[in-house]
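Residue numbers (the numbering used here): 179 to 667.
If you want it as structure tokens, here you go:
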């Protein structure tokens with residue numbers, strides 16, 4: 179809801195302006211002086227401030243200047259008598275957005291407010307877009323909100339999402355890496371009453387504790403070295419909308435405590451400030467970890483877990499809805515064709531059967547990568563089984579499959595060149611596969627190939643692999659020290 183703060187030392191004028199705007203369904207707050215107005219601005223965010231120019235103690239111009247120092251994005255409309263238009267012009271030079279001359283009609287007041295709100299909306303959309311652009315990871319165009327599949331599993335998932343979307347409760351989305359947790363979260367926002375307000379996402383594993391705190395809650399100018407200006411955090415930027423916290427299990431205990439307070443009290447403090455600010459944001463958190471296990475191990479706060487797990491949503495693994503493989507494949511191939519400006523490749527029946535028999539340890543993300551690779555590398559117009567079969571490594575599949583699934587996968591893939599025998603731990607705990615390559619070798623090859631695919635972009639590669647950027651960096655550092663990967667990665 180749009181919030182407007184009205185500042186005037188005359189009660190009759192305050193009430194008149196407030197009544198006019200309240201009839202237009204704006205949330206109106208009044209203040210009898212500039213000092214009181216500044217106290218209210220420190221406690222919560224307002225979309226527009228309307229102030230009289232001539233007030234005792236603190237004039238309208240002084241209030242405009244003070245608001246500019248607090249948050250220069252807030253438009254201030256000044257009310258002035260006819261004989262003091264020069265003063266109003268001076269106020270605009272000092273940072274006021276507009277002025278209206280007394281006496282004025284309700285329509286004139288409303289038009290001025292709507293003009294200011296358009297300015298605010300454009301400015302905030304630009305700020306949100308800059309934030310999203312800075313954090314955006316690679317994604318197939320058009321796939322960010324897609325829930326593909328008409329099978330019973332996906333139909334049930336869409337029904338759950340619709341019921342959850344209608345609520346304002348906090349959501350915990352859990353599931354395996356690559357299953358589509360972010361897509362599920364974005365679908366919740368897109369169908370919710372907040373869909374016309376911002377949706378901001380933050381990868382909690384990609385930032386240090388201090389940076390994460392600043393990104394979430396913002397900071398005051400001078401709060402720390404390098405803080406040369408006030409910066410709003412995600413909670414402020416997502417006001418009225420949704421904040422998506424990806425990999426929530428990776429946040430440090432001190433940030434967990436502050437996040438718990440926001441969920442409980444709907445308020446927070448910017449870094450470097452002791453003033454609480456109210457906020458109206460729906461939080462959706464995602465995790466691929468078993469949070470109850472993390473709680474028992476002392477790595478995650480129990481009270482925060484209960485606050486997050488108000489509305490749980492489990493995204494099923496791809497092996498649980500293999501009936502949707504054909505539709506998913508066509509969707510991904512169409513996306514690649516659109517991006518590349520080429521005809522859509524077809525998949526023969528044998529290739530589809532091979533895809534249906536695989537257990538997909540990397541879930542939908544792995545299938546998407548396979549489809550893109552096949553679309554690029556297929557010489558003709560049809561993708562055949564002999565092309566994709568070598569990419570489906572049964573050794574990796576067995577890491578996530580159930581015992582029955584693992585046995586079935588091994589049996590289906592038992593061709594002489596790929597026969598695999600997983601032996602017990604040897605030496606330093608590395609699993610040796612039939613005396614050939616270790617699982618670490620396989621992991622390294624997958625990571626290096628992913629980095630090369632994304633031109634060395636670590637954040638995009640980490641997102642595609644389903645691991646944190648720090649985890650990726652540590653692995654690369656180790657391999658570089660061992661001189662087994664390129665130093666340019």
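Backbone N, C-alpha and C define an ideal beta-carbon position, used for all residues, glycine too.
These figures come from a predicted structure and were not determined experimentally.
For the beta strand (DSSP E) containing residue i, list its first residue and its last residue.
| i | result |
| --- | --- |
| residue 489 | 489 to 492 |
| residue 179 | Here residue 179 belongs to no beta strand (DSSP E), and DSSP marks it neither H nor E. |
| residue 352 | 349 to 352 |
| residue 257 | 254 to 259 |
| residue 529 | Unbroken run through residue 529 is the alpha helix (DSSP H), 527 to 535; no beta strand (DSSP E). |
| residue 209 | 205 to 209 |
Along the chain, where does the alpha helix (DSSP H) that runs through residue i open and close?
| i | result |
| --- | --- |
| residue 190 | 189 to 200 |
| residue 387 | 387 to 395 |
| residue 343 | 330 to 343 |
| residue 219 | 212 to 221 |
| residue 273 | Unbroken run through residue 273: none, as it is neither H nor E. |
| residue 486 | 480 to 486 |
| residue 507 | 503 to 518 |
| residue 548 | 541 to 555 |
| residue 241 | 238 to 248 |
| residue 361 | 359 to 368 |
Can you tell me whether DSSP reads residue i as helix, strand or coil?
| i | result |
| --- | --- |
| residue 315 | For residue 315, the predicted structure reports a pLDDT of 37, less than 50, and the residue's modelled location is therefore unreliable. The matter cannot be settled from this model. |
| residue 379 | strand |
| residue 226 | strand |
| residue 424 | strand |
| residue 647 | helix |
| residue 465 | strand |
| residue 409 | strand |
| residue 599 | Only weak support exists for where residue 599 lies, its pLDDT of 38 falling under 50; the coordinates are left without a value. |
| residue 371 | coil |
| residue 471 | helix |
| residue 668 | For the chain, the structure presents residues 179 to 667; residue 668 sits outside this window and is missing. |
| residue 431 | helix |
| residue 403 | coil |
Considering only residues of the same chain and omitting the five flanking positions on each side of residue i, which have a CB-CB separation below 8 Å?
| i | result |
| --- | --- |
| residue 477 | 427 |
| residue 545 | 496, 503, 506, 507, 510, 533 and 538 |
| residue 207 | 181, 182, 183, 184, 218 and 224 |
| residue 565 | 529, 552, 555 and 556 |
| residue 439 | 445 and 446 |
| residue 455 | 220, 221, 222, 223, 414, 445, 446, 447 and 448 |
According to DSSP, what are the bridge partners of residue i?
| i | result |
| --- | --- |
| residue 280 | 259 |
| residue 445 | 456 |
| residue 561 | 525 |
Ordered along the chain, which non-local residues of its own chain (more than five positions away) have a Cβ less than 6 Å from that of residue i?
| i | result |
| --- | --- |
| residue 326 | 505, 506 and 509 |
| residue 186 | 192 and 230 |
| residue 422 | 363, 379 and 462 |
| residue 297 | 253 |
| residue 358 | 493 and 542 |
Ignore the nearest five residues each way along the sequence and tell me which others in residue i's own chain have a CB closer than 7 Å to its CB.
| i | result |
| --- | --- |
| residue 640 | 646, 647 and 650 |
| residue 243 | 272 and 273 |
| residue 630 | none |
| residue 653 | 625 |
| residue 241 | 185, 212, 215 and 229 |
Looking at C-beta atoms only, is the number of pairs between the stretch 279 to 294 and the stretch 325 to 345 that lie closer than 8 Å three or more? No, because fewer than three Cβ pairs between the stretch 279 to 294 and the stretch 325 to 345 fall closer than 8 Å, the two stretches do not touch.
Three or more C-beta pairs under 8 Å: does that hold for the stretch 477 to 496 against the stretch 381 to 393? Too few Cβ pairs lie closer than 8 Å, so no.
On the three-pair Cβ rule with 8 Å, is the stretch 444 to 454 touching the stretch 336 to 349? Fewer than three Cβ pairs drawn from the stretch 444 to 454 and the stretch 336 to 349 lie within less than 8 Å of each other, which leaves the two stretches out of contact.
Inter-stretch contact at 8 Å, needing at least 3 Cβ pairs: the stretch 514 to 532 / the stretch 466 to 484: Contact check between the stretch 514 to 532 and the stretch 466 to 484: fewer than three CB pairs, one atom from each, fall below 8 Å, which does not count as touching.
Would you be able to state if there are at least three C-beta pairs under 8 Å between the stretch 393 to 401 and the stretch 651 to 660? The stretch 651 to 660 is not in contact with the stretch 393 to 401.
Three or more C-beta pairs below 8 Å linking the stretch 236 to 251 and the stretch 206 to 224: Counting C-beta pairs with one atom in each stretch, the stretch 236 to 251 and the stretch 206 to 224 have three or more that are closer than 8 Å, which means they touch.
Say whether the stretch 407 to 421 touches the stretch 359 to 378, bearing in mind that this needs 3 or more beta-carbon pairs closer than 8 Å, one atom from each stretch. The stretch 407 to 421, when compared against the stretch 359 to 378, does touch it at the 8 Å Cβ threshold.
So, do the stretch 188 to 203 and the stretch 428 to 444 have three or more beta carbon pairs nearer to each other than 8 Å? The count of Cβ pairs closer than 8 Å, one atom from the stretch 188 to 203 and one from the stretch 428 to 444, stays below three, leaving the stretches out of contact.
Touching by the beta-carbon criterion (3+ pairs, under 8 Å), the stretch 343 to 350 and the stretch 527 to 535: Segments in contact, no.
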